Every structure is written in structure tokens, then in C-alpha cells.
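Residue numbers (this note's numbering): 7 to 592.
Structure follows, in C-alpha cells:
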């Protein structure tokens, strides 16, 4: 372990992950491809358990709906959402070795510019900094070509026609927005309601170099929560209003300080530091999720995005960050107040109405301006097109028509010039029973792969020169290890019966009879199995077994018949290790 001590935790975890089958770089037999990883059995199960924990907090307890939409979408979807225009990163290419780099990250690494300063630079400003500082390719020392914008979405064609352009989704959110009308029906046409989608997403990163932290194909969990901005009905606020959030506010970042300020959810909303109640609630729940994955509150923070850092759809954004050994503060979830941007954009692009109707408690009498076509005058003026003009006028905004007629003496509607004598403008009293509006959206968005890496790093520790993954018991990829003390005298057969009993009870169980019992315990600790059950000679006479704790190495003795109920209660978090049986002398 002395030589290993010189390595950082990131390297140690990646070596352990490859060796024990959590994950490794994909396509290794062909030299590997950056930004793609493959999960082995342990990693796949750990990832599933983390996503189950996310569902437990955000779906089951809140009644959130789930959906599963395609990874590929027609170009019009991402044109309407603004991704084709905005989902770009600055890139430079070495003229000598043709290696390509993300320009803002290169400037951050090779100059005194901060990440925030580099990120807001234009292409021209990047070029000037490269030239002024004589920045060369870090790989070969060659000069760079002109910086350019690189679209970080994977582009493809749908079917055999080159004109049918599609993109791999860079987020799962648009698959929810385009299906809003159907989902609103599923929610019984009541606000607020939320929809979660967990699935693969694609981002054609220029130069991914951070393992699970930055991938080209990854798993994202996007939750879109729809509500009435005038009546948010934030029924969870009382449950979390006293939860403390550690905030790095935009105003502090603009003063170039990393000062963390702590506020309760209630205080942050009263001071208008967080704009939407539901956004604050989801930030508090995200904090709980990370605590449940093993990250203490003091190693978490929410950093408010600066204006040029925010996504084009966001009114206010916070990134939930966790401190990790190699990279410092790393984003694990994003919390954006998307207002009505997405639904409005798709409504305008598709022509499909995505408004909802809100009925008033009592009808409201309102006076409104009404434009009535005077057909007796429209006919002679527009002849066969009079009906078309009348139809267009019925869809026009009365205030605009009246204002134009007053100021200009006419109103242009398409190619038609409408004069005052063609319409009657009247004020009309009506009873409104409700109104139609586009719901607002807050979005918590999690990266499953990043959550998995963070869970690994915070579980990793060394005890007596042995690596241990001290996962929280409910996310461990294997619950229990079953071991015969030796491979003779009927102990293997008895251990297999215990193994079958626990498997039939729904536990994930590993059976291991290879090597000494000490080596088997060490292998189990290294992959994070919380409990080990050992069958020994006393088992043959009194039907008891030894249960060993992964973290403390303490042992208790218990009856086999009591095992299922004890283990269920233990993994539900209702009892602790000491409650599993009679404590043995260490």
C-alpha cells in the first residue's frame, strides 16, 4: 500500500473499478475511445441502486410520473428548443498534430484566467488571448488554427434520406416537453405535477478527460415539474423550510470570492435568493439524496450560475457541487427555473396549443376590446378574399389593430390593408370563468454516472492496508456474502442452503469458497458487501452462523431461522449491526 499511497484517490478508485468489474473504458481491444465507459456487474447494480434511491426521494414520495422517450429526435425538436443554436463550445485545433482542445478549458489551464472568465469569452477574445500569450499545443508545441464554435450534439440522419436530420438528445427534458399534452392528461389535468425521465444522453465532448465526470454517452435523470407561477401550491415547503442550504451566490462570485453563505430554505425564499419555491424544495431534496449516498452536508454546495453561464432556457440556475479529491468541486446536479420557455417554444414551432385552463373560483366580469369585421364594407374592398380577411382579423390582437388604425390610419394583416371603415371597434363586457396559460417549469437534473463516482469516492477508505468500499447499506451492489469456513465436512452444502434461503428472500448474495476466510473477507470488503455470513462447525450442531460487519470487522452470532427477518430490518434501516445477534469477543 506504500506505493499506492503516492497515488491520488481518483487513480486508486479507477484501478479498483477496473480490477473488480465496476467499470472500465469501452472498446479496450481497439485502444479505447475517450468519453465512453462500460459498466460491469457490480457497477451496473450500484448505478441501479443509486437511481432507485433517486426514485424513492423524487418519485414514489411525490407521486411523480415517469416516461421513457427516444434518444434520437428530429432536428426540428432541438431547433425549437434552442439547442442547435446554443449547444456549442469553443474549439481550437493544432495545425501540426491535429489534436483538438476545448478552448476555454485550455485558457483556464495555461493562463491566469478563471473558468468563469474563460467561459464568457467570444471567439475573437479567445483568439487574442492565445496570440498574446503565445499559447501552443500542449501535446506537440504546434500553433493553433483559428478558434471556432463546435456543436456538441451528435448529428445523424433518420432513415435513408439525407434531409431527415436528427440529433442525439443532449438531455432527456425535451422528450417530456414535446409530450406535455398527453402527460397533462395522465396527471388528470391538475397542476402541479412532475415527470421524470432517466435514460441515456449524448454530448459530443471535444476532449473528455475526467473519467465518469465527463462522458460522451451518459445517463441523465431529468425531472420537469410543472406549476402555476401565480399559485405554485408548493405543498412540500413546510417539510423542508428549515433545511439549510450552503449557497455560493452569483453576487459573491462576481466579487471573485468563494464565500459560502448558509440560509434555510425559508430564508432563501424570503430574501428572493431563490426565485421559485419548488426550485428551493428540490435543492433541499437533492442535498438529502447526496447525504444518503454518503456525502456529508459540509462537502456539498449550491453555486449560482452567472448570466453568461446559464443555459439559454434558464431564468435562474444553481449547480449542486460535491468536493472530490482530484477535481475539487464537481457538479452532480443542476437546478434550473426554466419558466415557460420550453413549452412556449414548442407551441410556437409546432402550432400545437400547450396551454392549460385555470378555472376561477368565481366568474370575473371584464371589459375587453373586440374587433368586428364589417362585411358590407369588406366585400367590395377585398371581393373573393373578404372571408379570408375576416378570419385573419378574428385571430388578431384587438389592441394592436386599434392602435395601428389610430396611429397609421390602417392595419396590415399579411398582404391586406385594413381601413377604419372595414371594422367596428367596441368595448364589450364579458364574464370570464377562467384563463388559459402556459405552465412554468423547474428542473432538477442529475448525472447518474457522476453520482456513482461520488458514491465510490466517499465510500473508499483504507484500513490496515486494505481498501474498503463503505457504501451506505441500501446502495451496496451486493447485500450479503455467504462463506463456508472451509471447503469440507459438509460446510459447503450447509452454506449453499443458507445462500439459497437468502436469495429466495430477495437479497443480492455472493457465495465464495475460494481461499482462506480472511482473503474472502478482504475481497468482500473491497467491493463493499456490508455483511458476511460464515458457516462453521458450530452451525452443524446448533444452526447458528456468524455475521461480520464490513466496516468495523465486528461479529455477532445468530440463528439461521432469524436471518431473513433480521436482514430485512437491517437493510430497511430499522436496526443496526449490534441488533443482528449476540456480540462475539473481537
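In this text, a Cβ means the ideal position worked out from N, Cα and C, and glycines have one as well.
Computed from a predicted structure; not experimentally measured.
Between the stretch 509-528 and the stretch 487-498 there are three or more C-beta pairs closer than 8 Å, enough to call the two in contact. Within a 10 Å sphere around the beta-carbon of residue 60 sit 16 or more other beta-carbons, which makes this residue buried. Sequence-distant partners of residue 159 (beyond 5 residues in either direction) whose C-beta falls short of 6 Å from its own C-beta, in its chain, are 93, 173 and 176.
By the neighbour-count criterion, in which 16 or more other beta carbons inside 10 Å mark a residue as buried, residue 375 falls on the exposed side. If you ignore the 5 residues before and after residue 311, its C-beta comes within less than 6 Å of the C-beta of 323, all in its own chain and listed in chain order. Counting only runs that start and end inside the stretch 320-376, the alpha helix (DSSP H) elements of at least 4 residues fall at 347-356.
Residue 121 counts as exposed, since fewer than 16 other beta carbons sit within 10 angstroms of its beta carbon. In this structure, the CA atom of residue 479 is about 37 Å from the CA atom of residue 78. Distance from residue 483 to residue 538 at the Cβ level is roughly 15 Å; contact not present, criterion being Cβ atoms closer than 8 Å. Nearest to residue 419 by alpha-carbon distance, out of 391, 84 and 52, is 391. With fewer than 16 other beta carbons inside 10 angstroms of its own, residue 313 counts as exposed. The bridge partners DSSP lists for residue 100 are 150.
For the stretch 18-58, the continuous beta strand (DSSP E) assignments of 3+ residues that do not extend past its boundaries occur at 29-31 and 43-45, in sequence order. Within the same chain, Cβ atoms closer than 7 Å to the Cβ of residue 586 are found at 553, 562, 564, 572 and 576, the five residues on either side in sequence being excluded. The beta strand (DSSP E) runs of length 3 or more contained entirely in the stretch 437-484 are, from start to end of the chain, 446-453, 466-469 and 472-475. Per DSSP, the continuous alpha helix (DSSP H) segment holding residue 387 begins and ends at 381-388.
Contact check for residue 296 against residue 285 fails: the beta carbons are separated by 7 Å or more.
In the DSSP assignment, residue 530 falls within the alpha helix (DSSP H) that extends over 523-532. Just so you know, the alpha carbons of residue 481 and residue 301 end up roughly 13 Å apart.
In this structure, residue 220 and residue 230 do not form a Cβ contact; the two beta carbons are roughly 24 Å apart against a cut-off of 8 Å. Contact check for residue 223 against residue 208 passes: the beta carbons are separated by less than 7 Å. A distance below 8 Å between beta-carbons, with the five flanking residues on each side excluded, links residue 101 to the following residues of its chain, in chain order: 148, 149, 150 and 151.
Scanning the stretch 161-217 for uninterrupted beta strand (DSSP E) segments of 3 residues or longer gives 161-163, 171-174 and 199-208, listed from N- to C-terminal end.
The C-beta distance from residue 445 to residue 359 rounds to 13 Å, too long to meet the 8 Å contact threshold.
By the Cβ neighbour-count rule, residue 580 is exposed, with fewer than 16 other Cβ atoms within 10 Å of its own. Here residue 162 has 78, 171, 172, 173 and 174 as same chain residues with Cβ atoms under 8 Å from its own Cβ, once five neighbours each way along the sequence are excluded.
Around the beta carbon of residue 393, fewer than 16 other beta carbons sit within 10 angstroms, so the residue counts as exposed. Taking the C-beta atoms as reference points, residue 86 is found no nearer than 7 Å to residue 320.
Counting only the Cα atoms, residue 545 lies some 44 Å from residue 331. For residue 244, the enclosing alpha helix (DSSP H) begins and ends at 243-246.
Exclusion of the five residues before and after residue 465 leaves 300, 475, 476, 477 and 534 as the residues of its chain whose Cβ lies within less than 7 Å of its Cβ. When the five nearest sequence neighbours on each side are left out, the beta carbons in the same chain lying within less than 8 Å of the beta carbon of residue 113 are those of 119, 124, 127, 132, 135, 136 and 141, in order along the chain.
The Cβ-Cβ distance between residue 454 and residue 67 does not fall below 7 Å. Contact between the stretch 270-283 and the stretch 247-257 is present: three or more C-beta pairs spanning the two stretches fall below 8 Å.
Across the structure, residue 72 and residue 385 are spaced so that their CA atoms are roughly 54 Å apart.
For residue 107, the enclosing beta strand (DSSP E) stretches over residues 106-108.
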